[in-house]
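Notes follow once the structure below has been shown.
Numbering (this note's numbering), first residue to last: 94 to 628.
Here's what the structure looks like:
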């Protein structure tokens, strides 16, 4: 066994209790930390297992490691016994449980405690480990206890009462239940303002004067040199780009600063422009979005805390912040975030195997380079590689739309989305990608595939103005690939979707087209499929 050296404050050689803190469990308000106990050892570890289960964006790995080390330091400052292990310390362990086994022996642990993992694979791994150490032969058994993360609005055991497995569960109905239960944006038993959802008011496109007014994102200068060196030393393969300083929040204080910045400078126009896209504001790449998802998913911020702060800002500035802006944001936290978590847990592990449309094509290389002539794809991909970030419409209606239309294997789509985005953890990525984006679950999340021709992208962005392809052309050699691929998708999946009421109009429009036009569209689409890597 390699020598495991704890932090300097760990002077004793035995503890009664070992508590594991995973990298996405940085909740300073957790009840674990209310009392200091010299007999309790908290363990945090940079793990090869977690760095390599998919190929991550380098900013994502560095952000998690940096946030973890900051959290460990805060616990030490608060007087807790903490062991922080780097990749150098854990390099001999291919699995987390092997490390935990040795730690339990080394420190004569009587009780192993952990918080409910958010990912199914980790839950299975730690649950099996708990059973194993509870029935050890030849030495004293270790009691394993699982705790809540005390983060989400819904407790884990409640999820099956909100979501039924293997069928469609309407998010709007879920959202209204949450509004009523937690009394958020309510006027008695009625929604504040008289309606539940203001999504129809939140679909504006940027005009040139609007782009000039977009605030620059609040960024930080977190030194990540040591993390980058460790990734290189241990041959951890990554994607994307990063400088020596990380711009993302990696502490509770920085996370609160980003939230406060959003409430002051972005919330007044968040809803209005939440679906808009532009290539004319590269220095303002986050637009009016909050960028708190990494802080939320690592639990540096809690959903209740975020909601409360947004509501506080709204009540202080009702003359500049409308209800539509606030409702549009809270719907993402109170509604969608809690909803996809519930969908994930009630359907795992079956969810990760769904491929309703039998998609099997490979991702083209420009998903890792950004080098494509499609301006919308180039911008969304390059931004993802540069910042480990793209907002929800870029993910859904540009890159996600592309993958659905071209029939990319959901396994490959999942791996890319899970790896490239800083906020991507499987519980939130999988229902968004395999469900909402790719319709691979056959409708458990969405009632129709979220696909479009180039017309939608042109409507919500300025991408098409500078594109190599012509969005107004459908079947010519320079026609936008999204145009012909949209009809090719509908045609090849007509047996599945022709009776779907939400896209029936599209099929009627397809049938009304002349046979020659249909043939030209399908030929152009087939050319795009055959030449996908050169688009």
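Where a beta carbon is used, it is the ideal one built from N, C-alpha and C, also for glycine. Since we're looking at a predicted model, the values are computed, not measured.
- Within the DSSP bridge table, the entry for residue 394 names no partner.
- By the beta-carbon neighbour count (other beta carbons within 10 angstroms, threshold 16), residue 516 is buried.
- Restricting attention to beta strand (DSSP E) runs no shorter than 3 residues, the segment 365–430 encloses none.
- Per DSSP, reduced to three states, the secondary structure at residue 195 is helical.
- Rounded to whole angstroms, the separation of the alpha carbons of residue 504 and residue 446 is 8 Å.
- The secondary-structure analysis by DSSP pairs residue 316 across a beta bridge with 338.
- Scanning 324, 150, 378, 601 for the CA closest to the CA of residue 184 turns up 324.
- Using a 10 angstroms sphere on the CB of residue 604, the tally of other CB atoms stays under 16, which defines it as exposed.
- Residue 136 is bridged by DSSP to 113, 176.
- One alpha carbon belongs to residue 140, the other to residue 288, and they sit about 47 Å apart.
- Between the alpha carbons of residue 598 and residue 570 lies a distance of about 27 Å.
- The straight-line gap separating the alpha-carbon atoms of residue 602 and residue 298 is approximately 26 Å.
- Within the same chain, and ignoring the five residues on either side of residue 495 in sequence, the residues whose Cβ sits closer than 7 Å to its Cβ are 470.
- Residue ranges of uninterrupted beta strand (DSSP E) with 3 or more members are absent from the segment 489–573; none lies entirely inside it.
- In the DSSP annotation of this structure, the continuous segment of the beta strand (DSSP E) that includes residue 208 starts and ends at 204–208.
- With a cut-off of 8 Å on Cβ pairs, the segment 310–317 is in contact with the segment 337–352, counting three or more such pairs.
- Distance from the Cα of residue 428 is smallest, within the candidate group 521, 584, 209, for 521.
- Between residue 117 and residue 211 a beta carbon distance of about 6 Å is seen, short of the 8 Å cut, so the two are scored as contacting.
- Note that the segment 552–566 does not touch the segment 411–429; fewer than 3 beta-carbon pairs, one per stretch, sit closer than 8 Å.
- Here residue 527 is buried. Its C-beta has 16 or more other C-beta atoms within 10 Å.
- Taking a contact as a CB-CB distance under 8 Å, the pair residue 507 and residue 523 counts as one, their CB atoms being some 6 Å apart.
- Taking C-beta atoms as the reference points, residue 586 and residue 618 fail to come closer than 7 Å.
- Per DSSP, the continuous beta strand (DSSP E) segment holding residue 239 begins and ends at 236–240.
- For residue 361, the enclosing alpha helix (DSSP H) covers residues 360–363.
- DSSP places residue 303 in the uninterrupted alpha helix (DSSP H) bounded by 301–306.
- In the DSSP assignment, residue 223 falls within the alpha helix (DSSP H) that extends over 213–227.
- Membership of residue 343 in any alpha helix (DSSP H) is not indicated, and neither H nor E is assigned to it by DSSP.
- A check of alpha carbon separations from residue 228 across 275, 382, 443, 204 identifies 204 as the nearest.
- Under the three-state reduction of DSSP, residue 280 is assigned to strand.
- In the structure shown, the three-state DSSP call for residue 325 is helix.
- Put simply, the segment 218–228 does not touch the segment 396–412. Fewer than three CB pairs are less than 8 Å apart.
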